[in-house]
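Following: one structure in structure tokens, then a few remarks.
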Amino acid sequence: MKKLLMVFVSIFMVFSVLAACSQGSPSSGGEKSGESKDGKKRFAIVFKNTGNPYGEKMMEGFKKAIEAQGHEAILKAPDQPTAEAQIQMIEELISQKVDSIAIAGNDPDALEPALKKAMDQGIKVLSLDSAVNTKSRIVHINQADPERIGRVQIEAISEMIGGKGQIAVLSATSQATNQNTWIEWMKKELEDPKYKDIELVKVAYGDDLRDKSVSETEALLKSYPDLKGIIAPTTVGIAAAGKVLTDKGLKDKVHLTGLGLPSEMAEYIESGVSDWMYLWNPIDVGYLAGYAADRLVSGKITGKVGEKFSVGDLGEKEVVADGDGAQIMLGDPFKFDKSNIAEWKEVY
Ligand code: RAM
2 MKKLLMVFVS IFMVFSVLAA CSQGSPSSGG EKSGESKDGK KRFAIVFKNT
52 GNPYGEKMME GFKKAIEAQG HEAILKAPDQ PTAEAQIQMI EELISQKVDS
102 IAIAGNDPDA LEPALKKAMD QGIKVLSLDS AVNTKSRIVH INQADPERIG
152 RVQIEAISEM IGGKGQIAVL SATSQATNQN TWIEWMKKEL EDPKYKDIEL
202 VKVAYGDDLR DKSVSETEAL LKSYPDLKGI IAPTTVGIAA AGKVLTDKGL
252 KDKVHLTGLG LPSEMAEYIE SGVSDWMYLW NPIDVGYLAG YAADRLVSGK
302 ITGKVGEKFS VGDLGEKEVV ADGDGAQIML GDPFKFDKSN IAEWKEVY
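So, in structure tokens, the structure goes:
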């Protein structure tokens with residue numbers, strides 16, 4: 002009798018384990034994604050790393066759009082801006098069977114296997130802010146034309162330094178697609194003979210970490226004592242550089258421009274450490290991504306060039322070509338200077 006009982010217990014245990022495994026393992030071949038307990042669809046956003054107010058604003062816009070459609074938003078960012086950390090998050094989201102993943106990529110190519118796996122399982126994948134390659138996503142949400150973003154920063158620094166002298170770039174990580182694309186356009190702009198007296202001496206990487214951006218700025222000033230200007234196409238980098246130049250009393254000696262968050266840069270714009278800088282509305286970037294994700298999941302768009310859809314407060318948007326892929330563009334970079342910074346620092 003005791004033996005028979007043992008056999009029953011063992012069979013029961015084997016079945017329990019099998020049932021648990023099938024729940025935990027990802028479904029195959031386009032099976033419908035799982036809903037949250039209250040029946041809502043789940044839309045995830047993965048930013049580059051934590052501790053970046055720009056990323057927080059973008060996630061805020063994404064959440065607003067997702068909740069306006071009656072869905073649940075999952076907001077994620079790893080501690081460090083690495084592809085490995087994002088891959089782990091993507092794997093977790095695949096196991097959770099979310100309906101969509103929007104990601105600001107820490108590397109254009111390294112996320113491809115994980116994101117392809119997500120798409121194979123019916124998860125709608127899009128990138129925003131920092132693109133992943135066209136095989137790893139359905140569509141990219143682009144903040145503004147990368148050529149314009151790159152060229153405008155060279156025009157700005159040239160004007161600030163009187164068209165002559167050494168300049169450096171303080172970027173985010175060396176793998177960030179968005180910064181790297183903008184830097185390529187900066188270099189193309191510099192080829193114009195009108196910049197013949199400007200020398201780009203170095204591209205430094207602060208990794209979008211405050212402390213590293215501070216120490217990289219200090220290192221630039223030390224290595225290049227004649228440095229006339231810094232372009233930081235990252236909100237973390239430009240704020241760090243603003244602080245270093247202020248602390249060292251280098252206003253008017255070393256000029257600063259780039260892409261900054263008005264709330265973080267207002268004091269440096271007001272003091273003149275940075276005469277002006279550019280950005281777009283990060284809340285709108287996230288909001289647009291939220292709408293695009295919803296339309297992809299509901300099947301209203303498929304990510305084909307030419308498709309149009311309405312984006313709440315932002316009006317109609319269109320899917321346009323991006324090399325062999327597709328993207329949706331938010332708008333133009335916006336200039337912030339003493340005349341408007343007070344107004345915008347309250348918004349983002
Ligand atoms: C930083 C990030 C982000 C970029 C902005 C301009 O916050 O690198 O990806 O878009 O700067």
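Under our numbering, the residues of the sequence shown are numbered 2 to 349, in order. Note that beta-carbon positions come from the ideal geometry of N, C-alpha and C, so glycine has one too. Nothing here was measured: the structure is a model prediction, and the numbers come from that model.
Positions of the alpha helix (DSSP H) runs, each at least 4 residues long and wholly inside the region 205-241, are given as 211-224 in order along the chain. Contact between G259 and Q154 holds, with the beta-carbon distance rounding to 6 Å and staying under 8 Å. Boundaries of the beta strand (DSSP E) around Q167: G166 to S172. Look at E190 here: in three-state DSSP terms it is helix. An exposed status is given to T303, since fewer than 16 other beta-carbon atoms sit within 10 Å of its beta-carbon.
Secondary structure remark: continuous alpha helix (DSSP H) runs of at least 4 residues inside the region 29-69, in chain order: 54-69. Residue range P283 to S299 is occupied by the alpha helix (DSSP H) that includes D295. Non-local beta-carbon contacts of I102 in its own chain, meaning distances under 7 Å to residues more than five positions away in sequence, involve A45, V47, I91, L94, A119, I124 and V126 in chain order. Going by DSSP, V153 is part of the alpha helix (DSSP H) stretching over P147 to I162. Put simply, of S264, S159, I158 and E73 the residue whose alpha carbon is nearest the alpha carbon of E57 is S264. In terms of side-chain proximity, the C-beta atom of L289 is found no nearer than 7 Å to any non-hydrogen atom of ligand 1.
Contact check between the region 134-148 and the region 165-176: fewer than three CB pairs, one atom from each, fall below 8 Å, which does not count as touching.
The beta carbon of T83 lies closer than 7 Å to those of N107 in the same chain, with the five residues before and after it left out. A distance below 6 Å between beta-carbons, with the five flanking residues on each side excluded, links D80 to the following residues of its chain, in chain order: T51. Apart from the 5 residues on each side of it in sequence, G243 sits with its Cβ closer than 7 Å to the Cβ of L257, M266, Y269, V274 and S275 in its chain, given in chain order. C-alpha of R152 to C-alpha of A132: approximately 19 Å in a straight line. Per DSSP, the unbroken beta strand (DSSP E) holding I104 starts and ends at S101 to I104.
Nearest in C-alpha terms to W281, of all of D39, K309 and T235, is T235. Close CB contacts of Y349 within its chain, under the 7 Å cut and outside five residues either way in sequence, are with K58, L262, P263, S264, N282, P283 and I284 (chain order).
Membership of Y196 in any beta strand (DSSP E) is not indicated, and neither H nor E is assigned to it by DSSP. Secondary structure note for K118: its alpha helix (DSSP H) is the uninterrupted segment E113 to D121. When C-alpha distances from D295 are compared across V306, S311 and G316, the shortest belongs to S311.
Under DSSP, H72 takes part in no beta bridge, so it has no partner. With a cutoff of 7 Å, K49 counts as near ligand 1, since its C-beta is closer than that to a heavy atom of the ligand.
In the displayed model, D323 falls within a strand according to three-state DSSP. Annotation for L246: K252, V255, L257 and V274 place their beta carbon closer than 7 Å to its own, counting only its chain and skipping 5 residues before and after. Relative to G163, the option among I150, T174, K197 and P147 whose CA is nearest is K197.
The Cβ-Cβ distance between A293 and F63 does not fall below 8 Å. For L171 against A233, the beta-carbon gap comes to about 4 Å, under 8 Å, which counts as contact. Going by DSSP, L94 is part of the alpha helix (DSSP H) stretching over A84 to S96. Between N53 and V215, the CB-CB gap reaches or exceeds 8 Å. The beta carbon of Q180 sits closer than 7 Å to at least one heavy atom of ligand 1. When distances are taken from the beta-carbon of N143 to the heavy atoms of ligand 1, even the shortest one reaches 7 Å or more.
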